[in-house]
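Engineer:
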Amino acid sequence: MPAIAIIGAQWGDEGKGKIVDLLADRTKVVVRFSGGNNAGHTVVNRLGEFRMHLIPSGIFHPDVTCIIGNGVVIDPATLFKEIDELVERGISTDNLNISNRAHLIMPYHILLDGLEEEARGSGAIGTTRKGVGPAFTDKTSRLGIRVCDLLDRESFRQRLGTVLEQKNNVLTRLYGAAPLAFDDVYRDYCRYGERIAPFVRETDVIVNEALGRGDLVLLEGAQGAMLDLDYGSYPYVTSAVSGGVSLGLGMSPSKIESVIGVFKAYITRVGGGPMPTELHDESGEFIREQGREYGTTTGRPRRCGWFDAVAGRYSVEVNGFTSAAIMKFDILDEFSTIKICTSYEIDGDSHIRPPACPYRLEKCVPVYEEMPGWKCSTSNIRRFEELPPQAQAYVRRIEELIGCPASIVSVGPDREQTIMVRPVP
Ligand code: GDP
Ligand code: IMO
Ligand code: MG
16 MPAIAIIGAQ WGDEGKGKIV DLLADRTKVV VRFSGGNNAG HTVVNRLGEF
66 RMHLIPSGIF HPDVTCIIGN GVVIDPATLF KEIDELVERG ISTDNLNISN
116 RAHLIMPYHI LLDGLEEEAR GSGAIGTTRK GVGPAFTDKT SRLGIRVCDL
166 LDRESFRQRL GTVLEQKNNV LTRLYGAAPL AFDDVYRDYC RYGERIAPFV
216 RETDVIVNEA LGRGDLVLLE GAQGAMLDLD YGSYPYVTSA VSGGVSLGLG
266 MSPSKIESVI GVFKAYITRV GGGPMPTELH DESGEFIREQ GREYGTTTGR
316 PRRCGWFDAV AGRYSVEVNG FTSAAIMKFD ILDEFSTIKI CTSYEIDGDS
366 HIRPPACPYR LEKCVPVYEE MPGWKCSTSN IRRFEELPPQ AQAYVRRIEE
416 LIGCPASIVS VGPDREQTIM VRPVP
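Numbering (our numbering), first residue to last: 16 to 440.
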């Protein structure tokens with residue numbers, strides 16, 4: 016059996032956690048390969064409701080090996096809090112493995128995330144302020160500290176000494192902030208090192224051995240394609256690539272047989288940056304309240320809008336989705352008419368691809384097509400044929416516009432509230 020990748024197709028929070036939890040029962044390995052604890056993946060199953068930030072959403076299946084891969088940046092404090100909360104609720108984390116190559120979020124990353132945001136003023140990205148961007152910056156500029164560095168105190172002392180001196184210079188000279196005390200950071204991270212050690216592995220070996228045995232591996236993407244560093248609405252993006260599976264994990268892309276793009280039946284965004292179909296009216300307000308559209312990580316209200324098929328089609332193209340999961344379908348149950356954006360207009364010209372430049376994306380005026388709503392509850396429906404004809408037509412129109420068949424329609428947060436439209440391998 017090969018690997019299946021679950022990738023956010025919009026601006027994040029599409030419902031990836033639900034899909035991973037749903038598919039994990041037929042899987043042997045679930046891997047987070049990108050992002051950090053800026054992610055918030057909600058899982059609702061018979062054990063309760065859980066908000067996962069770093070730990071893969073497959074953790075609820077005791078026979079599934081869960082991996083935090085090398086492409087993830089790890090804040091150890093958040094990691095241990097998440098482990099403790101799970102254990103308190105009776106969920107074992109014995110099946111968790113952490114890459115020795117993953118980079119760490121350090122206290123200066125969190126401070127710098129806040130200071131950099133303040134310095135951006137009206138151009139602020141609206142980051143989660145978890146230190147994710149600065150940690151990825153240090154990874155690229157070769158100033159990062161990795162999980163394996165914590166396992167040898169003497170080499171960690173030296174590494175931290177060099178890096179912290181530079182970081183304290185930035186904190187004090189550039190931002191006029193107080194420096195961090197070496198002894199405090201060293202002591203805290205040595206403790207984290209002791210606690211993380213039993214989880215640390217060469218995780219790429221585990222993944223490749225599993226694939227060699229023919230086990231199914233599920234790849235849990237974080238964020239979404241429109242937040243991708245290259246393909247997203249730069250600079251209002253996050254620091255990881257949504258489809259960077261092989262880099263963030265150490266496996267060949269040839270092993271990925273199926274890529275499921277996770278979409279909401281509408282669209283949301285949290286933080287700054289252009290969003291052509293954003294609604295500032297009562298429909299947007301209704302979606303936010305009905306869909307409980309408040310950030311899983313920061314609690315911020317999410318910006319809500321109609322389904323954007325321009326962004327959707329682009330997302331299918333750049334990620335090569337083999338099928339789509341259409342989530343939160345039930346949130347549209349009460350609308351008499353539903354709009355889909357089929358193209359953008361910029362200065363009177365029609366566009367069917369999102370422009371690369373933010374100032375042009377800001378100018379995009381959505382061109383809508385209207386479809387009749389179905390005006391009845393879908394949350395107890397489990398078969399596609401049982402959806403009202405208008406609801407079926409809405410799914411079919413999305414498939415047509417984005418150029419990708421739907422494999423899943425989700426009609427509620429619970430694992431059970433799912434319609435399998437066609438088989439997922
Ligand atoms: P993720 O980051 O992609 O995993 O998504 P989030 O967990 O941040 O946000 C998705 C939210 O929608 C969570 O609160 C889920 O419990 C909820 N959810 C997922 N699918 C559905 C659905 O089909 N219907 C409803 N009503 N809620 C859903
Ligand atoms: P999941 O995995 C939604 C957004 C932030 C901000 C931008 C940069 O739950 O879908 P960062 O802290 O990453 O530097 O912030 O990216 N963002 C997300 N939005 N869902 C997420 O994750 C996100 N992770 C980052 O709101 O606009
Ligand atoms: Mg989320």
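Glycine included, each C-beta is placed from N, C-alpha and C at the ideal position.
(1) For residue 48, which of helix, strand or coil comes out of DSSP?
(2) Indicate whether residue 294 and residue 84 have their beta-carbon atoms separated by less than 7 Å.
(3) Using a beta-carbon distance below 7 Å, is residue 41 in contact with chain C?
(4) Would you say the beta carbon of residue 34 is closer than 6 Å to some non-hydrogen atom of the ligand IMO?
(5) Rounded to a whole number of angstroms, what is the C-alpha to C-alpha distance between residue 82 and residue 96?
(6) Put residue 205 into one of helix, strand or coil per three-state DSSP.
(7) Any heavy atom of the ligand IMO closer than 6 Å to the beta-carbon of residue 237?
(8) Output the distance between the C-alpha atoms of residue 184 and residue 366, rounded to the nearest integer angstrom.
(9) May I have a chain-ordered list of the beta strand (DSSP E) segments no shorter than 3 residues that lie completely inside the segment 60–96?
(10) For residue 41, which of 202, 79 and 23 has the nearest alpha-carbon?
(11) Within the same chain, show all residues whose beta-carbon is closer than 6 Å to that of residue 306, passing over the 5 residues directly before and after it, in chain order.
(12) Ends of the alpha helix (DSSP H) at residue 176?
(13) Give the DSSP-derived three-state secondary structure of residue 340 in the structure shown.
(14) Find out if the Cβ-Cβ distance for the pair residue 57, residue 23 is shorter than 7 Å.
(15) Going by alpha carbons, who is nearest to residue 255 out of 318, 146 and 139?
(16) Got a sec: does the ligand IMO put a non-hydrogen atom nearer than 6 Å to the Cβ of residue 87?
(17) Given this structure, state the Cα-to-Cα distance separating residue 285 from residue 377, to the nearest angstrom.
(18) Let me check one thing: in DSSP terms, what residues is residue 356 bridge-paired to?
(19) For residue 395, count neighbouring Cβ atoms within 10 angstroms of its own Cβ and tell me buried if that reaches 16, exposed if not.
(20) Would you say the beta carbon of residue 28 is closer than 6 Å to some non-hydrogen atom of the ligand MG?
(21) According to DSSP, is residue 334 part of a helix, a strand, or is it coil?
(22) Could you tell me which whole alpha helix (DSSP H) segments of length 4 or greater appear in the segment 229–305?
(23) Taking three-plus beta-carbon pairs below 8 Å as touching, is the segment 355–372 in contact with the segment 320–330?
(24) Shorter than 6 Å, the distance from the beta carbon of residue 102 to the closest heavy atom of the ligand ATP, or not?
(25) Quickly, what does DSSP pair residue 56 with across the bridge? List them, please.
(26) What number of angstroms, rounded off, separates the C-alpha of residue 192 from the C-alpha of residue 125?
(27) Looking at residue 117 and residue 274, is the spacing between their C-beta atoms short of 7 Å?
(28) For residue 222, which option in 134, 207 and 48 has the closest C-alpha, if you only look at C-alpha atoms?
(29) Using a threshold of 6 Å, is the CB atom of residue 142 nearer than that to any non-hydrogen atom of the ligand MG?
(30) Using three-state DSSP, classify residue 149 as helix, strand or coil.
(31) Is any heavy atom of the ligand MG found at a distance shorter than 6 Å from the C-beta of residue 93?
(32) With burial defined as no fewer than 16 other Cβ atoms inside 10 Å of the residue's Cβ, what is the status of residue 238: buried or exposed?
(33) I'd like to confirm the pairing. Which residues does DSSP put opposite residue 421 in its beta bridges?
(34) Just verifying my parser: in three-state terms, what is the DSSP assignment at residue 395?
(35) Between which two residues does the beta strand (DSSP E) carrying residue 364 extend?
(36) Residue 209 to residue 91, Cα distance in whole Å?
Structural biologist: Per the coordinate set shown:
(1) Indexing the sequence shown from 1 puts residue 48 at position 33. In the structure shown, residue 48 sits in coil (DSSP, three-state: anything other than H, G, I, E or B).
(2) Numbered from its first residue, the sequence shown carries residue 294 at position 279. Numbered from its first residue, the sequence shown carries residue 84 at position 69. Taking 7 Å as the Cβ cut-off, residue 294 and residue 84 do not qualify as a contacting pair.
(3) The structure shown contains no chain C, having only a single protein chain.
(4) On the sequence shown, position 19 is the one that residue 34 refers to. No; taking the cut-off as 6 Å, the Cβ of residue 34 has no heavy atom of the ligand IMO nearer than that.
(5) Translated into positions along the sequence shown, residue 82 becomes position 67. Translated into positions along the sequence shown, residue 96 becomes position 81. Their backbone Cα atoms lie some 17 Å apart in a straight line.
(6) Along the sequence shown, read from residue 1 onward, the residue named residue 205 stands at position 190. Three-state result, residue 205: helix.
(7) By one-based count along the sequence shown, residue 237 stands at place 222. Look at residue 237: its beta carbon is less than 6 Å from one of the heavy atoms in the ligand IMO.
(8) On the sequence shown, residue 184 is found 169 positions in, with the first residue counted as 1. On the sequence shown, residue 366 is found 351 positions in, with the first residue counted as 1. Across the structure, residue 184 and residue 366 are spaced so that their CA atoms are roughly 47 Å apart.
(9) The DSSP assignment places 63–67 and 80–83 as complete runs of the beta strand (DSSP E) inside the segment 60–96, in order along the chain (cut-off: 3 residues).
(10) Looking up residue 41 in the sequence shown gives position 26. Selected option, being the one with the closest Cα: 79.
(11) Taking the first residue of the sequence shown as 1, we reach residue 306 at position 291. Annotation for residue 306: 343 and 346 place their beta carbon closer than 6 Å to its own, counting only its chain and skipping 5 residues before and after.
(12) Position 161 of the sequence shown holds residue 176. Unbroken alpha helix (DSSP H) run through residue 176: 168–184.
(13) Within the sequence shown, the letter at position 325 stands for residue 340. The three-state secondary structure of residue 340, taken from DSSP, is strand.
(14) Residue 57 sits at position 42 when you count from the first residue of the sequence shown. Residue 23 sits at position 8 when you count from the first residue of the sequence shown. Going by C-beta atoms, residue 57 is not nearer than 7 Å to residue 23.
(15) If you number the sequence shown from 1, residue 255 lands on position 240. Taking only the C-alpha atoms, the option nearest residue 255 is 146.
(16) Mapped onto the sequence shown, residue 87 falls at position 72. Not under cutoff, so the answer is no.
(17) For the purposes of this step, residue 285 is taken as residue 270 along the sequence shown, with counting starting at 1. For the purposes of this step, residue 377 is taken as residue 362 along the sequence shown, with counting starting at 1. It is roughly 16 Å from the alpha-carbon of residue 285 to the alpha-carbon of residue 377.
(18) By one-based count along the sequence shown, residue 356 stands at place 341. Assignment of beta-bridge partners to residue 356 by DSSP yields 323 and 383.
(19) For the purposes of this step, residue 395 is taken as the residue at position 380 of the sequence shown. Burial call: exposed.
(20) Counting from 1 along the sequence shown, the entry for residue 28 is found at position 13. Result yes, Cβ under 6 Å from the ligand MG.
(21) Within the sequence shown, numbered from 1, the residue matching residue 334 stands at position 319. Residue 334: helix per DSSP, three-state reduction.
(22) Listed in chain order, the complete alpha helix (DSSP H) runs (minimum 4 residues) inside the segment 229–305 are 297–305.
(23) The answer is yes - the segment 320–330 touches the segment 355–372, with three or more Cβ pairs under 8 Å.
(24) Looking at this structure, you won't find the ligand ATP anywhere; what it does contain is the ligand GDP, the ligand IMO and the ligand MG.
(25) Numbered from 1 along the sequence shown, position 41 holds the residue referred to as residue 56. Assignment of beta-bridge partners to residue 56 by DSSP yields 67.
(26) The residue given as residue 192 occupies position 177 in the sequence shown. The residue given as residue 125 occupies position 110 in the sequence shown. Cα to Cα, residue 192 sits roughly 13 Å from residue 125.
(27) Here residue 274 refers to the residue found at position 259 of the sequence shown. Here residue 117 refers to the residue found at position 102 of the sequence shown. Not in contact: residue 274 and residue 117 (Cβ atoms no closer than 7 Å).
(28) Position 207 of the sequence shown, counted from the first residue, corresponds to residue 222. Nearest C-alpha to residue 222: 48.
(29) Within the sequence shown, the letter at position 127 stands for residue 142. No, Cβ of residue 142 sits at least 6 Å from all heavy atoms of the ligand MG.
(30) Translated into the one-based positions of the sequence shown, residue 149 becomes position 134. Helix, per DSSP.
(31) Your numbering for residue 93 matches position 78 in the sequence shown. For residue 93, the Cβ stays outside the 6 Å cut-off from all heavy atoms of the ligand MG.
(32) By 1-based counting over the sequence shown, the position of residue 238 is 223. Within a 10 Å sphere around the beta-carbon of residue 238 sit 16 or more other beta-carbons, which makes this residue buried.
(33) In the sequence shown, residue 421 corresponds to position 406, counting from 1. Per DSSP, the beta-bridge partners of residue 421 are 339.
(34) For the purposes of this step, residue 395 is identified with residue 380 of the sequence shown, where counting begins at 1. DSSP places residue 395 in the coil class of the three-state scheme, outside both helix and strand.
(35) Within the sequence shown, numbered from 1, the residue matching residue 364 stands at position 349. Per DSSP, residue 364 belongs to the beta strand (DSSP E) from 364–366.
(36) Walking along the sequence shown from the start, residue 209 turns up at place 194. Walking along the sequence shown from the start, residue 91 turns up at place 76. Roughly 11 Å between the two C-alpha positions.
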